[in-house]
Amino acid sequence: MTWITKNWTMVGIIQGLIVTMKHILRIGNRPTVTVQYPYQKMKVSPRFRGLHAVDEDACIGCGICEVNCPNGTIQIVKYKTRWYPQVNIGMCMFCGLCVDVCPMNAMKMTGNYETADYTRESLVYGPDRLLFKKEVKQ
Amino acid sequence: MFANAYELIVFTLNYIGIYEPVNNTFKTLGIEYVLRIIIVLVEIAILFVFALLTIMFLTWMERKVVAMVQARYGPMVTGPRGLLQPVMDGVKLIGKEDIIPAKADRWVFTLAPFLVFIPALLIFIPLPFGESLIISDLSVGLLYLIAISAVSPIAILLAGWASNNKYSLMGAMRAVAQDISYTIPLAISAIAIVLFTGSLSTVEIVTAQNGTWFGFIPKWFIFLQPLGFVLFLIASIAEMGRIPFDFQESEQELVAGFFTEYSGMKFAMFFLAEYAHLFSVSAIVVTLFLGGWSFPYISLLPAALVPLVSLGVFLVKTYAVIFFAMWLRDTVPRVRIDQLLSLGWKIMIPLALLNLLVTGFLLTVGVFQ
Ligand code: SF4
Ligand code: SF4
Numbered sequence: 000m001t002w003i004t005k006n007w008t009m010v011g012i013i014q015g016l017i018v019t020m021k022h023i024l025r026i027g028n029r030p031t032v033t034v035q036y037p038y039q040k041m042k043v044s045p046r047f048r049g050l051h052a053v054d055e056d057a058c059i060g061c062g063i064c065e066v067n068c069p070n071g072t073i074q075i076v077k078y079k080t081r082w083y084p085q086v087n088i089g090m091c092m093f094c095g096l097c098v099d100v101c102p103m104n105a106m107k108m109t110g111n112y113e114t115a116d117y118t119r120e121s122l123v124y125g126p127d128r129l130l131f132k133k134e135v136k137q
Numbered sequence: 000m001f002a003n004a005y006e007l008i009v010f011t012l013n014y015i016g017i018y019e020p021v022n023n024t025f026k027t028l029g030i031e032y033v034l035r036i037i038i039v040l041v042e043i044a045i046l047f048v049f050a051l052l053t054i055m056f057l058t059w060m061e062r063k064v065v066a067m068v069q070a071r072y073g074p075m076v077t078g079p080r081g082l083l084q085p086v087m088d089g090v091k092l093i094g095k096e097d098i099i100p101a102k103a104d105r106w107v108f109t110l111a112p113f114l115v116f117i118p119a120l121l122i123f124i125p126l127p128f129g130e131s132l133i134i135s136d137l138s139v140g141l142l143y144l145i146a147i148s149a150v151s152p153i154a155i156l157l158a159g160w161a162s163n164n165k166y167s168l169m170g171a172m173r174a175v176a177q178d179i180s181y182t183i184p185l186a187i188s189a190i191a192i193v194l195f196t197g198s199l200s201t202v203e204i205v206t207a208q209n210g211t212w213f214g215f216i217p218k219w220f221i222f223l224q225p226l227g228f229v230l231f232l233i234a235s236i237a238e239m240g241r242i243p244f245d246f247q248e249s250e251q252e253l254v255a256g257f258f259t260e261y262s263g264m265k266f267a268m269f270f271l272a273e274y275a276h277l278f279s280v281s282a283i284v285v286t287l288f289l290g291g292w293s294f295p296y297i298s299l300l301p302a303a304l305v306p307l308v309s310l311g312v313f314l315v316k317t318y319a320v321i322f323f324a325m326w327l328r329d330t331v332p333r334v335r336i337d338q339l340l341s342l343g344w345k346i347m348i349p350l351a352l353l354n355l356l357v358t359g360f361l362l363t364v365g366v367f368q
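So the sequences go chain by chain: A and B.
When the letters of the first sequence are read in order and numbered with numbering that gives the first Met the number 0, they come out as residues 0 to 137.
When the letters of the second sequence are read in order and numbered with numbering that gives the first Met the number 0, they come out as residues 0 to 368.
Encoded structure:
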């Protein structure tokens with residue numbers, strides 16, 4: 000009751016209506032903030048921790064990343080003739096410890112955050128999907 | 000010119016010259032009433048399609064207005080500027096699973112969405128969409144409108160109770176409390192209009208607002224009844240259950256209020272009813288206070304154009320009121336339930352009665368003659 004008797008002139012509501020009307024008419028510096036996601040992407044920061052990537056030549060298959068992963072996400076599997084880590088994204092919390100402990104600086108994290116998938120099996124990223132080759136600079 | 004849309008259809012058929020032969024065929028068979036029924040059915044079909052298109056457009060418009068206020072785009076992907084979004088929503092909702100809770104009252108649970116939706120469409124019957132564009136000019140039109148809109152609390156109560164969910168029940172209780180407390184100021188401020196026109200018929204209310212004062216101020220009741228207009232507008236926004244008075248939903252404290260348990264098409268029915276209600280209530284506001292389909296100097300137009308132009312005028316006015324409701328919704332937060340009830344009972348009803356008293360007094364003294 001007191002709330003109403005105090006505010007019966009509805010000044011606050013009218014002020015609010017003016018503010019929203021300014022937004023509708025785009026008066027002042029009010030740009031549209033939407034990013035139309037699938038067509039238009041925001042730039043991720045350089046230290047963003049997304050999907051892993053493993054340098055094919057640098058990795059020695061030592062398994063330190065496997066041992067250090069707090070979630071038990073990484074498994075060392077055989078790929079072609081050598082051993083490489085395999086990451087289960089479904090269990091990963093993207094803490095980045097595996098990247099920090101790698102003695103060869105072979106593991107790194109990319110900015111790829113579009114990892115949603117339809118099955119659990121496809122969340123297991125084997126070496127075939129993780130490996131990349133650094134271009135050798137002469 | 001014509002009393003209602005039925006006569007307009009007959010006139011149009013006459014104009015292209017097929018009414019007489021068709022009518023004669025039916026007459027020789029002795030079943031003229033069948034033709035009448037067919038014309039009425041056509042009318043209902045037109046109304047139904049119009050209502051559905053309006054509702055779909057309103058769902059799109061609501062999102063666009065909210066998006067503009069919040070500096071977003073709103074739907075953009077489906078169709079030009081997202082215009083096909085309502086269609087895609089329909090497809091999505093039809094595809095959804097229709098769940099009935101195990102302990103729910105199955106019959107009441109299934110019936111409630113229809114009970115909400117059908118009155119929302121029935122409100123369209125005495126609405127004068129334009130000169131002679133009215134389904135039926137009831138002599139008790141205004142009473143009919145208020146009575147029909149009073150059906151929806153019952154359906155909401157049924158829906159909330161049948162869901163067997165305490166949040167739904169609380170939402171329904173709140174909705175009923177709100178509807179009952181706001182129907183009274185709504186009806187009382189509408190009665191003040193009836194004092195002016197001496198008739199409950201919506202057509203006569205609109206014709207009473209034809210013409211101008213001093214040649215430029217339209218004779219709309221908003222200028223005679225400013226307080227009544229404000230009260231009616233607030234009460235009808237509360238009746239619609241929109242923000243700032245959306246106690247029946249209360250997404251934050253009651254999950255979604257009375258339709259928490261509804262899914263798929265039944266959920267859609269509630270939303271369709273809400274938007275049908277938004278349109279019809281805005282149309283009632285326009286009819287009562289903003290001159291309906293009339294505007295100054297409409298009588299100067301050629302007679303053949305009048306139904307079309309008046310329909311346009313009516314729609315423009317109605318959409319202006321709808322826009323105001325959406326604008327208000329995007330601006331103010333929800334009030335508390337005790338604030339709502341005390342606003343209704345302690346402020347709006349006394350003010351509405353005062354408005355009625357002053358109107359009656361001034362009319363008796365003869366100020367408005
Ligand atoms: S990624 Fe690094 S830590 Fe992991 S196996 Fe390869 S070299 Fe060892
Ligand atoms: S980011 Fe963390 S959780 Fe994910 S694989 Fe590396 S160590 Fe394990």
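Here a beta-carbon is modelled for each residue, glycine too, at the ideal position from N, C-alpha and C.
In this text, all values refer to a predicted model and were calculated from it rather than measured experimentally.
Report task. Below 6 Å CB to CB, which residues in the same chain sit around Ala207 of chain B once its five sequence neighbours on both sides are set aside? Result -> In the second sequence, counting from the first residue as 1, residue 207 of chain B sits at position 208. Result list for Ala207 of chain B: Thr196, in chain order.
Report task. Report yes if the C-beta of Pro112 of chain B is less than 8 Å from at least one heavy atom of ligand 2; otherwise report no. Result -> Here residue 112 of chain B is taken as the residue at index 113 of the second sequence, counted from 1. Checking the Cβ of Pro112 of chain B against ligand 2 gives no.
**Report entry** Pick from B:Pro184, B:Asn164 and B:Asn13 that is closest to Ala101 of chain B, judged by C-alpha positions
**Finding:** As a working note, residue 101 of chain B is residue 102 in the second sequence. Taking only the C-alpha atoms, the option nearest Ala101 of chain B is B:Asn164.
Query - Interface flag, Ile321 of chain B vs chain C, CB-CB below 9 Å - result: Protein chains in the displayed structure are A and B, and chain C is not among them.
Query raised in the report: When DSSP builds the beta bridges, which residues end up paired with Leu46 of chain B?
Result: Counting from one through the second sequence, the residue named residue 46 of chain B turns up at place 47. None; Leu46 of chain B has no bridge partner.
Query - Gly60 of chain A Cβ short of 8 Å to ligand 1 heavy atom set - result: One-based indexing of the first sequence puts residue 60 of chain A at position 61. Result yes, Cβ under 8 Å from ligand 1.
Query raised in the report: So, helix, strand or coil for Gln74 of chain A, using DSSP?
Result: Sequence index remark: in the first sequence, residue 74 of chain A carries index 75 (1-based). Strand.
Query raised in the report: Is the CB-CB distance between Pro37 of chain A and Gln85 of chain A below 9 Å?
Result: Indexing the first sequence from 1 puts residue 37 of chain A at position 38. Indexing the first sequence from 1 puts residue 85 of chain A at position 86. No, they are not a contact pair.
Query raised in the report: Any idea which residues DSSP pairs Gln85 of chain A with across the strands?
Result: For the purposes of this step, residue 85 of chain A is identified with residue 86 of the first sequence, where counting begins at 1. Looking at the DSSP assignment, Gln85 of chain A forms a beta bridge with A:Gln74.
Report task. Determine, using beta-carbon pairs with one atom in the segment 309 to 322 of chain B and one in the segment 239 to 250 of chain B, whether at least three such pairs fall under 8 Å. Result -> no
**Report entry** Other residues of its chain near Gly159 of chain B: CB distance less than 8 Å, five sequence neighbours each side excluded
**Finding:** The count along the second sequence starts at 1 and reaches residue 159 of chain B at position 160. Same-chain partners within the cutoff: Ser167, Leu168, Met169, Gly170, Ala171, Met172, Ala174, Gly256 and Phe257.
Query raised in the report: What residue range is occupied by the uninterrupted beta strand (DSSP E) comprising Asp54 of chain A?
Result: Stepping through the first sequence from its first residue, residue 54 of chain A is reached at position 55. Looking at the DSSP string, the run of the beta strand (DSSP E) that includes Asp54 of chain A is His51 to Asp54.
Report task. State the Cα-Cα distance for the pair Glu6 of chain B and Thr4 of chain A, rounded to the nearest angstrom. Result -> Numbered from its first residue, the second sequence carries residue 6 of chain B at position 7. Numbered from its first residue, the first sequence carries residue 4 of chain A at position 5. Taking the straight line joining both Cα atoms gives about 52 Å.
Query raised in the report: Is there at least one Cβ from chain A nearer than 9 Å to Val284 of chain B's Cβ?
Result: By one-based count along the second sequence, residue 284 of chain B stands at place 285. Cβ-Cβ to chain A under 9 Å: no for Val284 of chain B.
Query raised in the report: What are the partner residues of Gly129 of chain B, as DSSP defines its beta bridges?
Result: In the second sequence, the residue the question calls residue 129 of chain B occupies position 130. Answer is B:Leu132.
Report task. Please check if any C-beta of chain B sits within less than 9 Å of the C-beta of Ile23 of chain A. Result -> On the first sequence, position 24 is the one that residue 23 of chain A refers to. Ile23 of chain A counts as touching chain B.
**Report entry** His276 of chain B versus B:Pro127, B:Phe116, B:Leu361 and B:Leu300, residue with shortest Cα-Cα distance
**Finding:** Position 277 of the second sequence holds residue 276 of chain B. It is B:Phe116 whose Cα lies nearest to the Cα of His276 of chain B.
Query raised in the report: If you measure from the beta carbon of Thr330 of chain B to each beta carbon in chain A, is any gap under 9 Å?
Result: As a first step, residue 330 of chain B must be located in the second sequence, where it is residue number 331. Yes, its Cβ sits closer than 9 Å to a Cβ of chain A.
Requested in this report: For Met41 of chain A, decide whether its Cβ has a neighbour in chain B, counting only Cβ atoms nearer than 9 Å.
Outcome: Against the first sequence, residue 41 of chain A aligns to sequence position 42. Not closer than 9 Å to any Cβ of chain B, the Cβ of Met41 of chain A fails to qualify, so no.
Query raised in the report: Beta-carbon of Val10 of chain A versus every beta-carbon of chain B: anything under 9 Å?
Result: The sequence position of residue 10 of chain A within the first sequence is 11, counting from 1. With 9 Å as the cut-off, Val10 of chain A does not count as an interface residue toward chain B.
Query raised in the report: Do you know how far the Cα of Ser135 of chain B is from the Cα of Pro125 of chain B?
Result: In the second sequence, residue 125 of chain B corresponds to position 126, counting from 1. In the second sequence, residue 135 of chain B corresponds to position 136, counting from 1. Roughly 6 Å separates the two Cα atoms.
Requested in this report: Measure from the alpha carbon of Leu223 of chain B to the alpha carbon of each residue in B:Glu250, B:Val254, B:Phe246 and B:Ala191, then state which is nearest.
Outcome: If you number the second sequence from 1, residue 223 of chain B lands on position 224. Ranking B:Glu250, B:Val254, B:Phe246 and B:Ala191 by Cα distance to Leu223 of chain B puts B:Ala191 first.
Requested in this report: Please list the segments of the alpha helix (DSSP H) lying wholly inside the segment 223 to 276 of chain B, counting only runs of 4 or more residues, in order along the chain.
Outcome: 225 to 239 and 250 to 253
Query raised in the report: Since Ile59 of chain A and Met103 of chain A are thought to touch, with beta carbons under 8 Å apart, how far apart are those beta carbons, to the nearest angstrom?
Result: Position 60 of the first sequence, counted from the start, is the residue given in the question as residue 59 of chain A. Position 104 of the first sequence, counted from the start, is the residue given in the question as residue 103 of chain A. Indeed, because the Cβ distance is near 6 Å, the residues count as touching under 8 Å.
Query raised in the report: If you follow the alpha helix (DSSP H) that Lys21 of chain A is part of, which residue opens it and which one closes it?
Result: Start at 1 with the first residue of the first sequence, and residue 21 of chain A comes out as number 22. Element bounds for Lys21 of chain A: Val10 to Ile23.
Query raised in the report: Closest Cβ-Cβ distance between Asn221 of chain B and chain A: below 9 Å?
Result: Looking up residue 221 of chain B in the second sequence gives position 222. Note that residue 221 of chain B corresponds to Ile in the displayed sequence, not to Asn. Chain A, which has no Cβ nearer than 9 Å to the Cβ of Ile221 of chain B, makes this no.
Query - Nearest-angstrom beta carbon gap, Ile204 of chain B and Leu287 of chain B [assumed within contact, 8 Å] - result: Here residue 287 of chain B corresponds to residue number 288 of the second sequence, with the count starting at 1. Here residue 204 of chain B corresponds to residue number 205 of the second sequence, with the count starting at 1. Correct: roughly 6 Å between the Cβ atoms.
Requested in this report: In the DSSP assignment, find the unbroken beta strand (DSSP E) run with Met106 of chain A in it and report its ends.
Outcome: For the purposes of this step, residue 106 of chain A is taken as residue 107 along the first sequence, with counting starting at 1. It spans Met106 to Met108 - the beta strand (DSSP E) in which Met106 of chain A sits, taken as one unbroken run.
Requested in this report: Quick one: which residues of the segment 64 to 79 of chain B get their C-beta closer than 9 Å to a C-beta of chain A? List them in chain order.
Outcome: Val64, Ala66, Met67, Val68, Gln69, Ala70, Arg71, Tyr72, Gly73, Met75 and Val76
Query raised in the report: Bridge partners of Ile123 of chain A, per DSSP?
Result: In the first sequence, residue 123 of chain A corresponds to position 124, counting from 1. The amino acid occupying residue 123 of chain A in the given sequence is Val; Ile does not appear at that position. DSSP output for Val123 of chain A lists A:Asn87 as bridge partner(s).
Requested in this report: Classify Thr358 of chain B as buried or exposed, calling it buried when 16 or more other Cβ atoms lie within 10 Å of its own Cβ.
Outcome: Reading the second sequence from its first residue, position 359 is the one you call residue 358 of chain B. Buried: at least 16 other Cβ atoms inside 10 Å.
Requested in this report: Determine, using beta carbons only, whether Trp326 of chain B comes closer than 9 Å to chain A.
Outcome: Mapped onto the second sequence, residue 326 of chain B falls at position 327. Interface residue, yes.
Query - alpha helix (DSSP H) segments (min. 4 residues) lying fully within the segment 53 to 108 of chain B - result: 84 to 94
Query raised in the report: Between the C-alpha atoms of Ile93 of chain B and Leu52 of chain B, what's the straight-line distance to the nearest angstrom?
Result: In the second sequence, residue 93 of chain B corresponds to position 94, counting from 1. In the second sequence, residue 52 of chain B corresponds to position 53, counting from 1. Cα-Cα distance, rounded: 17 Å.
Query raised in the report: Since Arg29 of chain A meets chain B, which of its residues come closer than 8 Å, beta carbon to beta carbon?
Result: What you label residue 29 of chain A is simply residue 30 of the first sequence in a count that begins at 1. Neighbours of Arg29 of chain A on chain B, chain order: Ala70.
Query raised in the report: What residue from B:Leu226, B:Ala70, B:Thr109 and B:Ala44 has the CA that sits closest to Pro349 of chain B's CA?
Result: Taking the second sequence and counting its residues from 1, one reaches residue 349 of chain B at position 350. The option with the nearest alpha carbon to Pro349 of chain B is B:Leu226.
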